[in-house]
């Protein structure tokens, strides 16, 4: 069998030779030697085992999975056993049309996933009773923290957050981490009503049901909300979504913001993640929402169309004043949760909730009859049982018979019933307590049963048969453009191959069904996977220690900056709070710095696109005694290897600061240079980019943080898993101890499949970017290049001269590329009026040429506009993209032919001349974003309004 490298790297030997010949180099080593500064180049190969075959790597991971002991997860704490319908697993989780899509920044080619996200928002809004919900957050713990951030921005005054003592422990720990850097005091209290009265609170957080399973009455919750509102505080409810199908919506008793997890809507446990969290807010708070919001607008034909609303990529505009640093959400998992609600409908969800509650009451009756005392007589799916000095023995007896219970303390055991709990499991638990299961029931919800007045939209009632559901998911996928359709040349986003052999591993039962809080001896497979991946990443980056906990690049940034903050505090320098950030940096950098309590100072860009060293030196001198860190991206966001990076590191170190290298562009360094060896102290990495985890339409992501030895004591830890991090840490940044552990096997497999030949992936990315730059220079300026006229892994195509000469805008070119069968590159970032193109190593020469030819053809079309052949407001670029309905309609009054609109590249449109029959057609025309913001609709209108 051919080595995996030949499957992953797109151009074969002959194609590479053609590309190198055009660039004037004899081989890849000569090219990268000319592009990469010699002072940072690695001298030997990566210290990784030799590349292995797909079968060998899968067998290795299968052995790891089999050493885990999932049993039946009845631990609870926000994670529950679920059943993923096969139609959803097969048609979403295992379907590249869904998992290889990018974030829907180009809405015309994202209507399918946007519709599912709008359905997700509608589901959340309906069940919480609040008018606006976001399109997913990273996990429940960070959702609680984000909700507190919303309350802080909304209320302005107050410095205390009162937290119900019943909150999930991991949520409280994440909230404490966030509060550390922001000067917010967290007060946990068993009597939040009294605590709100005694403190200057701007928010109160209540968990419902509580961690021990207790459900407060509506009267108690209403009294809490009234007292909080009287004191000028907002009420945040962390609510179990499935419980809300049978219990009153939090909005009815006064909650202003509701957050939680949607994991139990059909998403596997995955050892803690990835899982989609949710957030919903009351009237007037839509613009304060963190993350993303899908809204309804219209296209140029007046057809209703969906797009991201309000704060899309707002970090690049507001930077440190952004509502959050979130860039990657949990789109794929939110889509699964929405599909689960669609497939089951309100009646099915209610039935599942009733079954769980009945099973819990039966178990409670058996324990009560056996003489045990329960923490509460009102509960939904969780009971906490008093077991004086007997908890350890009971938990161990259940474990020996295949059931994991929660060891609360020596005197208490927690039991949580999930959708997958069987009659045998219930009997096993009862037996572990020395009780006998019967059909008797004990306990109650403690709240009136909710009327079935939710999820009334037709989408939740139409697709309950597998045939209808399959066709619905297929129809939605057809409206989207993903890697299964063609190239996605987005700069700094690395849309490379997501190898199926690596993706298959996440479904191995030992990986998919393990609870994150099982005893460590029942998670030995994950321990081996995590240790192995940390070692791989350390070897690649040259750092000394790695934490896999951050479940997005944004969280990795925050974790790294918190490590820097902690280090300075430990050294007796809490005054070091200034973070230098180049003007070209990723927008999330500034937002993350603000979250870590730092002051942002911007470093100018020189004329050649590099960091302005005169300004840098001046800033370092100005802030010398207060300098905490500089955050740079390497290679830079301008697509070049800056030659003075070692000098930069030395300058900052001499002033007492640390150096943070944003690892978003590490795919241009693997095997070529190591940040940990050329002067950096800390980096985050994007496994969902560089290391082959798919983007999933905007998540899941993994953003590990890697550090030098002196920062290792300040990597994140976890309150429930001692091995998850150092005791000297500031705390966790994610709810689960290892973040999105369920997808780590993808990156482990990718690295094992490539081995030291990861160098060839980096070289392939550099080759592809320079080849594209070389071809496009015929018609477009390439804005920046290194000392030898070479770019790194991406290039900035400058459209400003074209726009000035022809009136054709960046938007026009981006949307016209859709007609040619491409996702647009990154628009107007980091420089307005440019396209940032990153072709990656996985695209073939034929696909690269197809893209270049499309761009050159677009330049020709622009010249025809400039020549007056077509009006500036009625030409193929201004009107792009063209829909099938438009080009096949009876009316056609444009000055260019239908054939040019429909098939601008001719009939041989595909990369292998597959013909026009394979052309991708966008579902809608160009969308009016301003209309959508002025007329905000962010839950499902009647389906016929946008079909």
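Numbering (my numbering), first residue to last: 26 to 972. Where is the CB? At the ideal position from N, CA and C, for every residue including glycine.
If we call anything under 8 Å between Cβ atoms a contact, is residue i one with residue j?
i, j, result
"residue 248", "residue 228", "no"
"residue 770", "residue 554", "yes"
"residue 427", "residue 407", "no"
"residue 564", "residue 71", "yes"
"residue 756", "residue 741", "yes"
"residue 663", "residue 687", "no"
"residue 869", "residue 36", "yes"
"residue 197", "residue 213", "yes"
"residue 349", "residue 293", "no"
"residue 210", "residue 185", "yes"
"residue 762", "residue 745", "yes"
"residue 875", "residue 64", "no"
"residue 264", "residue 153", "yes"
"residue 579", "residue 353", "yes"
"residue 319", "residue 335", "no"
Starting from residue i, follow the beta strand (DSSP E) in both directions and report where the run begins and ends.
i, result
"residue 604", "603 to 607"
"residue 295", "Premise fails: residue 295 is in no beta strand (DSSP E) and is neither H nor E."
"residue 539", "From DSSP, residue 539 is part of no beta strand (DSSP E); its letter is neither H nor E."
"residue 245", "Here residue 245 belongs to no beta strand (DSSP E); instead the alpha helix (DSSP H) covers 243 to 255."
"residue 332", "329 to 333"
"residue 437", "437 to 441"
"residue 555", "Note, residue 555: premise wrong, no beta strand (DSSP E); alpha helix (DSSP H) at 549 to 566."
For the alpha helix (DSSP H) that residue i lies in, which residues bound it at each end?
i, result
"residue 77", "Here residue 77 belongs to no alpha helix (DSSP H), and DSSP marks it neither H nor E."
"residue 148", "136 to 153"
"residue 450", "448 to 457"
"residue 33", "29 to 33"
"residue 626", "Per DSSP, residue 626 belongs to no alpha helix (DSSP H); it is in the beta strand (DSSP E), 624 to 628."
"residue 46", "38 to 48"
"residue 619", "612 to 620"
Shortest alpha-carbon distance to residue i belongs to which of the options?
i, options, result
"residue 751", "574, 603 and 657", "574"
"residue 636", "620, 615 and 665", "665"
"residue 944", "865, 906, 915 and 962", "906"
"residue 777", "202, 550, 231 and 79", "79"
"residue 825", "838, 456 and 659", "838"
"residue 648", "669, 668, 624 and 547", "624"
"residue 296", "488, 278 and 541", "541"
"residue 459", "390, 773 and 329", "390"
"residue 372", "77, 678, 128 and 271", "271"
"residue 904", "915, 892 and 887", "887"
"residue 811", "139, 60 and 54", "60"
"residue 180", "215, 167, 226 and 187", "226"
"residue 539", "729, 85 and 100", "100"
"residue 784", "695, 463 and 205", "695"
"residue 22", "57, 463 and 603", "Because the chain spans 26 through 972 in this model, residue 22 falls outside it and cannot be assessed."
"residue 848", "910, 513 and 950", "513"
"residue 471", "246, 462 and 831", "246"
"residue 465", "388, 845, 442 and 633", "388"
"residue 313", "596, 195, 176 and 612", "176"
Quick one: is residue i buried, meaning 16 or more other Cβ sit within 10 Å of its Cβ, or exposed?
i, result
"residue 683", "buried"
"residue 938", "Because the pLDDT at residue 938 is just 43, under 50, the model does not fix this residue reliably, and the value given afterwards should be weighed accordingly. Under this definition residue 938 is an exposed residue."
"residue 955", "exposed"
"residue 940", "With a pLDDT of only 43 at residue 940, under 50, the local geometry of the prediction cannot be trusted, and the value read off the model is given with reservation. Exposed."
"residue 46", "exposed"
"residue 144", "buried"
"residue 545", "exposed"
"residue 447", "exposed"
"residue 123", "buried"
"residue 933", "For residue 933, the predicted structure reports a pLDDT of 47, less than 50, and the residue's modelled location is therefore unreliable. A value from the coordinates is still provided. Per the 10 Å Cβ criterion, exposed."
"residue 116", "buried"
"residue 521", "buried"
For a test of your reading of the model: does the CB of residue i fall under 7 Å from any non-hydrogen atom of the ligand HEM? Yes or no.
i, result
"residue 389", "Annotation note on the ligand HEM: not contained in the displayed structure, which lists no ligands."
- Item | Segments assigned alpha helix (DSSP H), at least 4 residues, entirely inside the segment 791 to 844 | 825 to 831 and 835 to 844
- Run through the segment 725 to 779 for me and flag every whole alpha helix (DSSP H) of 4 or more residues, listed as ranges in chain order. 769 to 779
- Fully enclosed by the segment 480 to 525, which alpha helix (DSSP H) runs are 4 residues long or longer? 491 to 503
- Residue ranges of each alpha helix (DSSP H) run of no fewer than 4 residues wholly in the segment 162 to 249, ordered along the chain? 165 to 180, 194 to 205 and 217 to 223
- Can you list the beta strand (DSSP E) stretches of 3 or more residues lying completely in the segment 384 to 435, in chain order? 407 to 411 and 431 to 434
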